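Enquirer:
2 protein chains.
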Amino acid sequence: MKNILGANDEVAALNRQMFAERGVIVMNLLGSPGSGKTTLLEKTLARLADKIKIAVIEGDLFTAKDAERIERAGVDVIQINTAGGCHLDAPMIQKACAALNLAELDLLIVENVGNLVCPAEFDIGENFKATVLSITEGDDKPLKYPLIFKESAAVVLNKIDLLEFTNFDLKSAREDLTTLNPPIKIFETSCTRGTGLDDWTAWLLSKVAK
Amino acid sequence: MKNILGANDEVAALNRQMFAERGVIVMNLLGSPGSGKTTLLEKTLARLADKIKIAVIEGDLFTAKDAERIERAGVDVIQINTAGGCHLDAPMIQKACAALNLAELDLLIVENVGNLVCPAEFDIGENFKATVLSITEGDDKPLKYPLIFKESAAVVLNKIDLLEFTNFDLKSAREDLTTLNPPIKIFETSCTRGTGLDDWTAWLLSKVAK
Numbered sequence: 000m001k002n003i004l005g006a007n008d009e010v011a012a013l014n015r016q017m018f019a020e021r022g023v024i025v026m027n028l029l030g031s032p033g034s035g036k037t038t039l040l041e042k043t044l045a046r047l048a049d050k051i052k053i054a055v056i057e058g059d060l061f062t063a064k065d066a067e068r069i070e071r072a073g074v075d076v077i078q079i080n081t082a083g084g085c086h087l088d089a090p091m092i093q094k095a096c097a098a099l100n101l102a103e104l105d106l107l108i109v110e111n112v113g114n115l116v117c118p119a120e121f122d123i124g125e126n127f128k129a130t131v132l133s134i135t136e137g138d139d140k141p142l143k144y145p146l147i148f149k150e151s152a153a154v155v156l157n158k159i160d161l162l163e164f165t166n167f168d169l170k171s172a173r174e175d176l177t178t179l180n181p182p183i184k185i186f187e188t189s190c191t192r193g194t195g196l197d198d199w200t201a202w203l204l205s206k207v208a209k
Numbered sequence: 000m001k002n003i004l005g006a007n008d009e010v011a012a013l014n015r016q017m018f019a020e021r022g023v024i025v026m027n028l029l030g031s032p033g034s035g036k037t038t039l040l041e042k043t044l045a046r047l048a049d050k051i052k053i054a055v056i057e058g059d060l061f062t063a064k065d066a067e068r069i070e071r072a073g074v075d076v077i078q079i080n081t082a083g084g085c086h087l088d089a090p091m092i093q094k095a096c097a098a099l100n101l102a103e104l105d106l107l108i109v110e111n112v113g114n115l116v117c118p119a120e121f122d123i124g125e126n127f128k129a130t131v132l133s134i135t136e137g138d139d140k141p142l143k144y145p146l147i148f149k150e151s152a153a154v155v156l157n158k159i160d161l162l163e164f165t166n167f168d169l170k171s172a173r174e175d176l177t178t179l180n181p182p183i184k185i186f187e188t189s190c191t192r193g194t195g196l197d198d199w200t201a202w203l204l205s206k207v208a209k
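Chains as they are written, first to last, in numbering that gives the first Met the number 0: chain D, 0 to 209; chain U, 0 to 209.
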């Protein structure tokens, strides 16, 4: 396991250097299956695609279902199928980037495999990670899956429109998140109602402008 | 990876033999983080604990939060913390079983780490797997994460009370599930309303009676 991670980290460092040289900011977007990563991405692209140049890499075990959804937003999208693998790694990203003109991009978004565990362990050379946690998953998830939240610059508490139908305690979740990771940015969003998307996309824009 | 799985399968075979000799049926309970595995388990125990003798093994990366919930149901529970590991394996189960009196049990339920990918790859010596998929995760999950649904004897479509607030297509999900795995049993449950729990627990009882 240490050898696998060592080899991954070497390629991640090369990726990071390549992204810096081409002037593109890279976000690694994480979250459980069904947390709403792809829908958040669709809404994000609709709001940002006329302001900055974005491309997307979609990671899935099988199928191109998510890539087909993103393609409709009119941005370049590369599908990576891991054939059952539980995370994306740096060599997969290196290979996928050969098909992108990085120098013309402002932001590259990598939607990782739906999984709260393994993707957090693999650096892909990104500038920052963001994790989508849906309200319906429960407020106990930050303490039960701490690494992914410690590693993330931002967490998106998604499906906030369903809050009233759950026992999710927002105050408790926010406290656990800031205990694990004091500077973490916390957004509350609903992609069906549009709640919180302005704050989220403004933050993303600020990361690109830096 | 093949070596790891080979070593795991050897211990899984030993576990399976041990369970058969002691006359205990073992269910490996799978699902995403926040699909509702622990709540389904609480409701299941409340309905079955006076009919058959049950014990539970709880798998989590960190914390004993789930085990504490199950303990309140009055059954024996063993917590396994994987310290960040993304699945339970057969040796972990073998070790945990040393603390249980298997011969006096009818049913041992193993709640695996919340993850739709890795736990499906590791046989722990169970008699059958069941996967909890919550409605809020989306109807595309069977085709996106096929292995876990191919491997499961049953799938529990949980949080069915939230169906009206989502775009989840029940017909499409049922078709995909039975295409992947024709004999799969499909249950629709709501743990908050009690919907479908009688069917689910009757099926579990029928597995123990065999």
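The C-beta atom is built at its ideal place from N, Cα and C for all residues, glycine as well.
Because the structure is a prediction, the values reported are computed rather than measured.
Name the DSSP beta bridge partners of LYS184/D, please?
Expert: Position 185 of the first sequence, counted from the start, is the residue given in the question as residue 184/D. According to DSSP, which records beta bridges pairwise, LYS184/D is partnered with ALA153/D.
Enquirer: If distances are taken between C-alpha atoms only, which option among VAL154/D, GLY33/D and ASN7/D comes closest to LEU179/D?
Expert: Here residue 179/D is taken as the residue at index 180 of the first sequence, counted from 1. If we check each option's Cα against that of LEU179/D, VAL154/D comes out closest.
Enquirer: Using 8 angstroms as the threshold, is the segment 91-107 of chain D in touch with the segment 123-138 of chain U, meaning 3 or more CB pairs across them?
Expert: In short, these stretches do not touch, since the Cβ pair count stays below three.
Enquirer: Any C-beta of chain U within less than 7 angstroms: which residues of the segment 75-98 of chain D qualify?
Expert: Correct list: GLY83 and CYS85.
Enquirer: Starting from SER133/U, find everything on chain D with Cβ-Cβ shorter than 8 angstroms and list it in chain order.
Expert: Mapped onto the second sequence, residue 133/U falls at position 134. Within 8 angstroms Cβ-Cβ: GLY33 and THR135.
Enquirer: Among residues of its own chain, excluding the 5 on either side of GLY137/U, which ones have a beta-carbon nearer than 7 angstroms to its beta-carbon?
Expert: On the second sequence, position 138 is the one that residue 137/U refers to. Excluding residues within five positions, the ones whose Cβ falls inside 7 angstroms are PHE167.
Enquirer: Could you name the residues that DSSP lists as bridge partners for PHE167/D?
Expert: By one-based count along the first sequence, residue 167/D stands at place 168. Answer is none; PHE167/D lacks a bridge partner.
Enquirer: Let's see if you can read the secondary structure: which residues bound the beta strand (DSSP E) around LYS42/D?
Expert: In the first sequence, counting from the first residue as 1, residue 42/D sits at position 43. No beta strand (DSSP E) contains LYS42/D, which is instead part of the alpha helix (DSSP H) from 36-47.
Enquirer: Sort ALA11/U, PRO32/U, THR38/U and ALA45/U by Cα distance to VAL25/U and report the nearest one.
Expert: Taking the first residue of the second sequence as position 1, residue 25/U is located at position 26. For the residues ALA11/U, PRO32/U, THR38/U and ALA45/U, the minimum Cα distance to VAL25/U belongs to ALA11/U.
Enquirer: Select from the segment 160-191 of chain U all residues with a C-beta closer than 7 angstroms to any C-beta belonging to chain D, and list them in chain order.
Expert: For the segment 160-191 of chain U, which is checked against every Cβ of chain D, the residues closer than 7 angstroms are LEU161 and PHE164.
Enquirer: Going by the beta-carbon positions, is the gap between SER189/U and LYS170/U smaller than 8 angstroms?
Expert: Counted from its first residue, the second sequence places residue 189/U at position 190. Counted from its first residue, the second sequence places residue 170/U at position 171. Contact flag unset, no.
Enquirer: Given a threshold of 16 other Cβ atoms within 10 Å of its Cβ, counted over all protein chains shown, does ASP139/U qualify as buried or as exposed?
Expert: Position 140 of the second sequence, counted from the first residue, corresponds to residue 139/U. By the 10 Å Cβ count, ASP139/U comes out buried.
Enquirer: Measuring only the C-alpha atoms, how far is THR48/U from GLY5/D?
Expert: For the purposes of this step, residue 48/U is identified with residue 49 of the second sequence, where counting begins at 1. For the purposes of this step, residue 5/D is identified with residue 6 of the first sequence, where counting begins at 1. It is worth fixing the name first, because residue 48/U is Ala in this sequence and not Thr. Roughly 48 angstroms between the two C-alpha positions.
Enquirer: Please list the terminal residues of the continuous beta strand (DSSP E) segment that includes VAL109/U.
Expert: Position 110 of the second sequence, counting from 1, holds the residue named residue 109/U. Run containing VAL109/U: 106-110, per the beta strand (DSSP E) assignment.
Enquirer: Hey, is LYS143/D's beta-carbon within less than 8 angstroms of any beta-carbon in chain U?
Expert: Against the first sequence, residue 143/D aligns to sequence position 144. Chain U, which has a Cβ nearer than 8 angstroms to the Cβ of LYS143/D, makes this yes.
Enquirer: Just checking: is the beta-carbon of PHE148/U within a distance shorter than 8 angstroms of some beta-carbon in chain D?
Expert: Your numbering for residue 148/U matches position 149 in the second sequence. By this cut-off, PHE148/U is not an interface position.
Enquirer: Does any residue of chain U bring its CB to less than 8 angstroms from the CB of PHE127/D?
Expert: In the first sequence, residue 127/D corresponds to position 128, counting from 1. With 8 angstroms as the cut-off, PHE127/D does not count as an interface residue toward chain U.
Enquirer: Could you check the C-alpha separation between LEU204/U and ARG173/D for me, to the nearest Å?
Expert: Locating residue 204/U in the second sequence gives position 205, where the first residue counts as 1. Locating residue 173/D in the first sequence gives position 174, where the first residue counts as 1. Looking at the two C-alpha atoms, the distance is approximately 41 angstroms.
Enquirer: Does the contact criterion of 3 or more C-beta pairs under 8 angstroms hold for the segment 36-47 of chain U versus the segment 181-196 of chain U?
Expert: Taking 8 angstroms as the limit for Cβ pairs, the verdict is that the segment 181-196 of chain U does touch the segment 36-47 of chain U.
Enquirer: Can the beta-carbon of LEU60/D be found closer than 8 angstroms to that of LYS128/D?
Expert: The residue given as residue 60/D occupies position 61 in the first sequence. The residue given as residue 128/D occupies position 129 in the first sequence. Not closer than 8 angstroms, so no.
Enquirer: When the cut-off is 8 angstroms and only beta carbons count, does ASP59/U lie next to chain D?
Expert: Translated into the one-based positions of the second sequence, residue 59/U becomes position 60. Closer than 8 angstroms: yes.
Enquirer: Quick one: what's got a C-beta closer than 6 angstroms to GLN93/D's C-beta in the same chain, skipping five residues either side?
Expert: Taking the first sequence and counting its residues from 1, one reaches residue 93/D at position 94. The residues are VAL10 and ASN14.
Enquirer: Could you pull out every unbroken beta strand (DSSP E) segment of at least 3 residues lying fully inside the segment 68-146 of chain U, listed in chain order?
Expert: List check, beta strand (DSSP E) in window: 75-80, 106-110 and 127-133.
Enquirer: Where does ILE51/U fall in DSSP's three states?
Expert: For the purposes of this step, residue 51/U is taken as residue 52 along the second sequence, with counting starting at 1. ILE51/U: coil per DSSP, three-state reduction.
Enquirer: Determine the direct distance from the alpha carbon of ALA208/U to that of LEU27/D, and round the result to whole angstroms.
Expert: Start at 1 with the first residue of the first sequence, and residue 27/D comes out as number 28. Start at 1 with the first residue of the second sequence, and residue 208/U comes out as number 209. According to the sequence provided, residue 27/D is Asn. The question's Leu does not apply to it. So the two alpha carbons sit approximately 48 angstroms from each other.
Enquirer: Under 8 angstroms between beta-carbons, which chain U residues line up against VAL112/D? List them in chain order, please.
Expert: Within the first sequence, the letter at position 113 stands for residue 112/D. By Cβ distance, chain U contributes VAL116.
Enquirer: If you draw a straight line from the alpha carbon of LEU196/D to that of LEU44/D, how long is it in whole angstroms?
Expert: By 1-based counting over the first sequence, the position of residue 196/D is 197. By 1-based counting over the first sequence, the position of residue 44/D is 45. If I take the Cα positions, the gap works out to 11 angstroms.
Enquirer: How long is the line joining the alpha carbons of GLU103/U and ALA89/U, rounded to whole angstroms?
Expert: For this step, residue 103/U is matched to residue 104 along the second sequence. For this step, residue 89/U is matched to residue 90 along the second sequence. Spanning the two alpha carbons is a distance of roughly 21 angstroms.
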